[in-house]
Every structure is written in structure tokens, then in C-alpha cells.
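In the working numbering, the protein residues as written are 26 to 219. Glycine included, every Cβ here is placed at the ideal spot set by N, Cα and C. Computed from a predicted structure; not experimentally measured. Notes follow the structure.
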Ligand code: VGL
Ligand code: ZN
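And the structure:
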């Protein structure tokens with residue numbers, strides 16, 4: 026299936042941040058591999074004049090998802106620290122719209138739509154189809170894709186530009202299956218018409 030980009034399409038990059046990359050405090054194995062691939066998507070969407078949105082995990086230092094607060098994760102993506110920054114190798118156009126999420130101390134939020142301006146921004150921009158990639162497949166990508174489907178966007182998941190934590194071996198694959206079952210369309214860069 027070849028997909029032709031159209032006005033009304035937007036690219037959503039989920040949590041491609043230093044702490045989720047090798048060397049970071051909550052590294053996704055091979056998470057760095059998504060960067061050159063996402064750069065190709067970014068360049069194509071930008072060339073078509075289409076919107077690019079980037080979510081970022083943006084926690085307070087004592088966030089409830091951290092081990093010390095009884096949560097599941099080591100501290101990561103603390104707002105305005107180097108770990109929360111986007112890697113320099115990610116080639117964002119200057120009009121990329123950045124969506125900070127999980128900023129509330131008491132509440133975890135895996136989806137880029139959870140308590141953010143993402144949905145009103147997409148609606149205001151006349152977006153009908155979203156193309157979602159990033160980290161990690163079975164957490165923030167999965168939950169962002171689910172919400173996009175709930176909001177009735179035609180939702181593509183960039184299967185060549187997601188990577189999983191795989192705390193259990195199969196988590197990433199199962200998450201991709203779940204997204205597909207719910208109606209998301211898996212695509213690869215080669216499936217996009219130039
Ligand atoms: C994420 C675990 C904790 C993610 C964020 O972006 O997938 N995972 N916080
Ligand atoms: Zn987090």
C-alpha cells in the first residue's frame with residue numbers, strides 16, 4: 026500500500042528524548058535507531074508543508090512514576106534537564122510544535138493527548154490523519170495511538186520508527202498488534218509516496 030501525503034496530515038513524534046536513548050536514565054534498547062528514520066519522515070512532511078508535533082515527557086523531580094515515590098521507573102525526563110532534552114541529531118524544523126506531558130506530580134500520563142493541548146491543536150490545524158512514531162512502543166506510543174483512534178483520527182503507526190523497552194520480551198510486538206487490532210495502520214517510510 027502506497028500512502029500519498031495530503032493537507033490534513035500531521036507527524037507526531039513521541040518522547041524522542043535523551044533519557045530514553047542509550048546512555049539515558051530509562052534507555053530504550055536501540056532507541057537511537059529511530060532518529061535517522063524519523064529525520065526522513067520529518068524532512069518529507071516538512072517538504073509537503075505539513076505539521077510536525079513532538080511530545081516530551083516532562084516530569085517534576087518528585088513525580089509519582091519514580092521509584093522513590095512508589096512508581097515503576099527510575100527518575101527520567103525531569104523538566105528542563107539535559108535528560109529531558111531532544112537529541113541534537115533530531116532535525117526539527119523551527120515550527121515544530123512541542124507538547125509537554127506528564128507534568129503533573131501526582132499523575133502519570135503516557136499519552137501525548139493526556140492533559141495537553143495536542144487534540145485542540147490538531148483540530149485547529151484541520152488534521153484528519155496522524156502518523157505516529159517514537160519511544161517507547163508499548164508505553165507512550167501505544168497510549169498516544171489509542172487516544173488518536175478514540176478521537177477518530179485516521180492513525181498510522183511508523184513501524185520502522187518505534188522501539189520498545191521489552192521488559193517482557195514480546196511487549197513491543199504485542200503493542201503493535203494491539204494498535205493494529207484497534208484500527209491503526211502500520212506503515213514504513215518506503216510506503217509513503219515521495
Ligand atoms: C515512557 C515510561 C515512563 C514513554 C514515559 O515515553 O514511553 N515510558 N515514562
Ligand atoms: Zn515518564
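Does the ligand VGL have even one heavy atom less than 6 Å from the beta-carbon of residue i?
| i | result |
| --- | --- |
| residue 40 | yes |
| residue 200 | no |
| residue 178 | no |
| residue 66 | no |
| residue 119 | no |
May I ask which residues mark the beginning and end of the alpha helix (DSSP H) holding residue i?
| i | result |
| --- | --- |
| residue 70 | 59-72 |
| residue 145 | 143-149 |
So for residue i, helix, strand or coil by DSSP?
| i | result |
| --- | --- |
| residue 177 | coil |
| residue 172 | helix |
| residue 194 | coil |
| residue 83 | coil |
| residue 159 | strand |
| residue 138 | coil |
| residue 218 | coil |
| residue 76 | strand |
Look at residue i and residue j and say whether their C-beta atoms are less than 7 Å apart.
| i | j | result |
| --- | --- | --- |
| residue 175 | residue 196 | no |
| residue 153 | residue 33 | yes |
| residue 137 | residue 143 | yes |
| residue 38 | residue 70 | no |
| residue 188 | residue 160 | yes |
Can you find a heavy atom of the ligand ZN that lies under 6 Å from the Cβ of residue i?
| i | result |
| --- | --- |
| residue 150 | no |
| residue 82 | yes |
| residue 136 | no |
| residue 90 | yes |
I'd like the span of the beta strand (DSSP E) that includes residue i, first residue to last.
| i | result |
| --- | --- |
| residue 38 | 34-39 |
| residue 211 | 210-212 |
| residue 132 | No beta strand (DSSP E) contains residue 132, which DSSP labels as neither H nor E. |
| residue 103 | Where residue 103 is concerned, there is no enclosing beta strand (DSSP E), given that its DSSP letter is neither H nor E. |
| residue 123 | 122-126 |
Cβ-heavy atom distance between residue i and the ligand COA below 6 Å?
| i | result |
| --- | --- |
| residue 161 | Ligands in the displayed structure: the ligand VGL and the ligand ZN; the ligand COA is not one of them. |
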